[in-house]
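S.K.: In the UniProt record's numbering, the protein residues as written are 1 to 161. Below you'll find the structure I mean.
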């Protein structure tokens, strides 16, 4: 019964491990690009499960105690809250964590090099046009790849309102 609650190493090491993994995963997610975050496919689910499994051992260091698990969960939740709090109050932190919207098209002209760099297919762009009731490129005043990976399109009709 004592092994259920007994830690294999000091409590602060759990906190340190969870902070290190959180920061590393956040950096990797940011490097993967906006589209990887915005589009969640079955392949992404597999990757998410595998990443979760891979970082688990790095965080718990082989400790399977209930106390260790709770320390990790609390550490991650506090860290996530702190990042959200800082992002809400400081634009520089928000930009670092979330990035900035990227212009994909303006005045009916698509920036194909930007689409390629941001991993946005023409099919995805066309889908966003249809979802915005935009049937022709000439109707586009501005198209942005938002920080959440979604494409938002402002038409001239929308801009006049």
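Glycine included, each C-beta is placed from N, C-alpha and C at the ideal position.
Quick check on this structure: which residue in 91, 160 and 51 has the alpha carbon closest to the alpha carbon of residue 28?
M.R.: 51
S.K.: Tell me the rounded alpha-carbon separation between residue 147 and residue 90.
M.R.: Spanning the two alpha carbons is a distance of roughly 16 Å.
S.K.: For residue 120, which of helix, strand or coil comes out of DSSP?
M.R.: Reduced to three states, the DSSP call for residue 120 is coil.
S.K.: Just to confirm the assignment: which complete beta strand (DSSP E) runs, minimum length 3, are found wholly within the segment 19-107?
M.R.: 102-106
S.K.: Quick one, are the C-beta atoms of residue 66 and residue 14 less than 8 Å apart?
M.R.: Between residue 66 and residue 14, the C-beta spacing is not below 8 Å.
S.K.: For residue 105, is the classification buried or exposed, using 16 other Cβ atoms within 10 angstroms of its Cβ as the cut-off for buried?
M.R.: buried
S.K.: Out of 5, 33 and 70, which one is the CA nearest neighbour of residue 99?
M.R.: By alpha-carbon distance to residue 99, the top candidate from 5, 33 and 70 is 33.
S.K.: Please tell me whether residue 111 and residue 151 are closer than 8 Å, where the distance is taken between their beta carbons.
M.R.: no
S.K.: Rounded C-beta distance between residue 97 and residue 118? I'm assuming under 8 Å.
M.R.: Beta-carbon to beta-carbon, residue 97 and residue 118 are separated by about 18 Å, too far to satisfy the 8 Å threshold.
S.K.: Just confirm the distance between the C-beta atoms of residue 19 and residue 87, as a whole number of angstroms; I'd bet it's less than 8 Å.
M.R.: Contact flag wrong, Cβ pair sits at about 17 Å.
S.K.: Residue 157: buried (16+ other C-beta within 10 angstroms of its C-beta) or exposed?
M.R.: exposed
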